[in-house]
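Asks: Structure below; questions to follow.
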Amino acid sequence: MQIFGILRTAATALIAASGIGTAVPKKLNVVATTPDLGAIAREIGGDLVLVTALAKPTEDPHFVDAKPSHLVTLNRADVLIEGGAELELGWLPPLLDNARNDKIAAGAPGHIVASQGIAMIEVPTTFDRSKGDVHSLGNPHFLMDPMNVKIVAKNMADHLAQVSPASAETFKANLKSFNDRIDQKFVEWKKRLVAYRDAKLVTYHKDFDYLAARFDLEIVETLEPKPGIAPSPAHLAKVVSAMKAKNARVILVQPYQNRKTAETVARQTGATVLDVPQQPGAVQNTSTYFDLMDHIVTTLAAGLEAKP
Ligand SMILES: [Zn+2]
3 MQIFGILRTA ATALIAASGI GTAVPKKLNV VATTPDLGAI AREIGGDLVL VTALAKPTED
63 PHFVDAKPSH LVTLNRADVL IEGGAELELG WLPPLLDNAR NDKIAAGAPG HIVASQGIAM
123 IEVPTTFDRS KGDVHSLGNP HFLMDPMNVK IVAKNMADHL AQVSPASAET FKANLKSFND
183 RIDQKFVEWK KRLVAYRDAK LVTYHKDFDY LAARFDLEIV ETLEPKPGIA PSPAHLAKVV
243 SAMKAKNARV ILVQPYQNRK TAETVARQTG ATVLDVPQQP GAVQNTSTYF DLMDHIVTTL
303 AAGLEAKP
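Residue numbering for the sequence shown is 3 to 310, as defined by my numbering.
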């Protein structure tokens, strides 16, 4: 008799775990190309989604190492979120073709393009991909502006509601509380950086331009002569002169950029190299967008404070 009892308990536990016989809806499998998009999706989807990011927090979003496991992940996805504006042009299209999943095909409700509705900056009038430039449709690093994040979050909530209409109200409520928090934190971030208004910065890649515009900072040069093109000695000499002329005292780098190059320029100009990762999880305790921005704002303020 006891064995039947155990079996019955096990069966009940299985049914509970699988959701059979209950009204618990199946969680949506949401796949984001990059961890920043994944972090925002977690806020909007809440308990109703399982989020996976394809790129590692320490990988360059333009040049992600495509793996067979990515195909499996994409094949099982209910929703795909990409940055768009050709951010993932170098690696996502072949993965998407081979994943054979109509739910996330271009134009399907389950395919979210984050750049939709964003006022893109630095849209080139002429463009030559053969030179290696990767910002063909403008600057795709728009999540560094918290106001753009609100647009992306709304886009996500709308698409998630189309994919899962029964959960539409929850996504809407999650969106509201996320946006309220962004507004509240934005005041705090702005206050923290106001003392450094018009401070001169140098970045490795053109990846902080939206942040600089929103927080009134000035990027005087990038170590790359063009986005995606490696620094050359001639270009770096130009950067050094510009930094000296304009008194730029910090150089911002990310984990996948060549820190040694930044250090060389820093030595010649008396500047400091600041590690300012843009992806949640690249450094400890930055798993949410809020934690990440707290980290970025604190690092920037500390770096600029040390260099009046
Ligand atoms: Zn870029």
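All C-beta atoms in this analysis are idealised placements derived from N, C-alpha and C, irrespective of residue type, glycine included. Every value quoted in this text rests on a predicted model; they were computed, and no experiment measured them.
Between which two residues does the alpha helix (DSSP H) carrying residue 302 extend?
Replies: Taken as a continuous stretch (DSSP letters only), the alpha helix (DSSP H) holding residue 302 covers 291–308.
Asks: Quick one: what's got a C-beta closer than 6 Å to residue 40's C-beta in the same chain, skipping five residues either side?
Replies: Counting only Cβ-Cβ distances below 6 Å, and skipping sequence neighbours, we find 34, 53, 55.
Asks: To the nearest angstrom, report how far apart residue 160 and residue 115 are at their CA atoms.
Replies: Their backbone Cα atoms lie some 12 Å apart in a straight line.
Asks: Verify the contact flag: residue 297, CB atom, against every heavy atom of ligand 2, threshold strictly below 8 Å.
Replies: In terms of ligand content, the structure shown lacks ligand 2 and carries ligand 1 instead.
Asks: By how many angstroms is the C-alpha of residue 144 removed from the C-alpha of residue 211?
Replies: Rounded to whole angstroms, residue 211 to residue 144 spans 8 Å at the Cα level.
Asks: Here's the rule I'm using: 16 or more other beta-carbon atoms within 10 Å means buried, otherwise exposed. How should residue 129 be labelled?
Replies: Burial call: exposed.
Asks: Closest to residue 131 by CA distance: which of 295, 70, 263, 88 is it?
Replies: Nearest option by C-alpha distance: 88.
Asks: Considering only C-alpha positions, which residue in the set 247, 265, 181, 195 is nearest to residue 205?
Replies: Of the listed residues, the one whose Cα sits closest to residue 205 is 265.
Asks: Leaving out the 5 sequence neighbours to the left and right, which residues in its chain are closer than 8 Å to residue 111 when beta-carbon positions are compared?
Replies: Once the five neighbours on either side are set aside, the close Cβ partners of residue 111 are 161, 164, 165.
Asks: Residue 66: beta carbon under 8 Å from a heavy atom of ligand 1?
Replies: False, no ligand heavy atom lies under 8 Å from that Cβ.
Asks: So what does DSSP say about residue 120, is it helix, strand or coil?
Replies: Residue 120: coil per DSSP, three-state reduction.
Asks: Counting C-beta neighbours from all protein chains within 10 Å, is the total for residue 125 16 or more, i.e. buried, or is it exposed?
Replies: So residue 125 counts as exposed.
Asks: Beta carbon of residue 100: closer than 8 Å to some heavy atom of ligand 1?
Replies: Every heavy atom of ligand 1 is 8 Å or more from the Cβ of residue 100, so no.
Asks: Could you give the residue range of the alpha helix (DSSP H) that holds residue 143?
Replies: Residue 143 -> no alpha helix (DSSP H), and no H or E assigned at all.
Asks: Name the two residues that bound the continuous alpha helix (DSSP H) containing residue 262.
Replies: It spans 261–271 - the alpha helix (DSSP H) in which residue 262 sits, taken as one unbroken run.
Asks: Compute the minimum distance between the beta carbon of residue 136 and the heavy atoms of ligand 1, and state whether it is under 8 Å.
Replies: It does: the Cβ of residue 136 is within 8 Å (strictly closer) of some heavy atom of ligand 1.
Asks: Just to confirm my understanding: we take residue 299, look at its own chain, exclude 5 residues before and 5 after, and list those with CB closer than 7 Å. What are they?
Replies: Cβ within range, chain order: 191, 194, 195.
Asks: Can you grab the Cα-Cα spacing for the pair residue 47 / residue 68, in whole Å?
Replies: Roughly 26 Å separates the two Cα atoms.
Asks: Once you ignore the five residues that flank residue 261 on each side, which residues in its own chain have a CB closer than 7 Å to its CB?
Replies: These residues qualify, in order along the chain: 255, 275.
Asks: For residue 306, count neighbouring Cβ atoms within 10 angstroms of its own Cβ and tell me buried if that reaches 16, exposed if not.
Replies: Buried.
Asks: Starting from residue 231 and walking both ways along the beta strand (DSSP E), at which residues does that stretch end?
Replies: No beta strand (DSSP E) holds residue 231; DSSP gives it neither H nor E.
Asks: Assuming residue 214 and residue 221 make a contact with CB atoms under 8 Å, what is their CB distance in whole Å?
Replies: Contact holds; Cβ gap of about 5 Å.
Asks: Measure the CB-CB distance between residue 30 and residue 80 and report whether it falls below 9 Å.
Replies: Result yes, Cβ atoms of residue 30 and residue 80 sit closer than 9 Å.
Asks: Do residue 250 and residue 244 count as a contact pair if the criterion is CB distance below 9 Å?
Replies: Going by C-beta atoms, residue 244 is nearer than 9 Å to residue 250.
Asks: Who are residue 169's beta bridge partners in DSSP?
Replies: Looking at the DSSP assignment, residue 169 forms no beta bridge with any residue, so it has no partner.
Asks: Since residue 241 and residue 267 are thought to touch, with beta carbons under 8 Å apart, how far apart are those beta carbons, to the nearest angstrom?
Replies: Sure, about 6 Å apart at Cβ, within 8 Å.
Asks: Report whether the distance from the Cβ of residue 1 to the nearest heavy atom of ligand 1 is below 8 Å.
Replies: Look at the range of the chain in this structure, 3 to 310, and you will see that residue 1 is not part of it.
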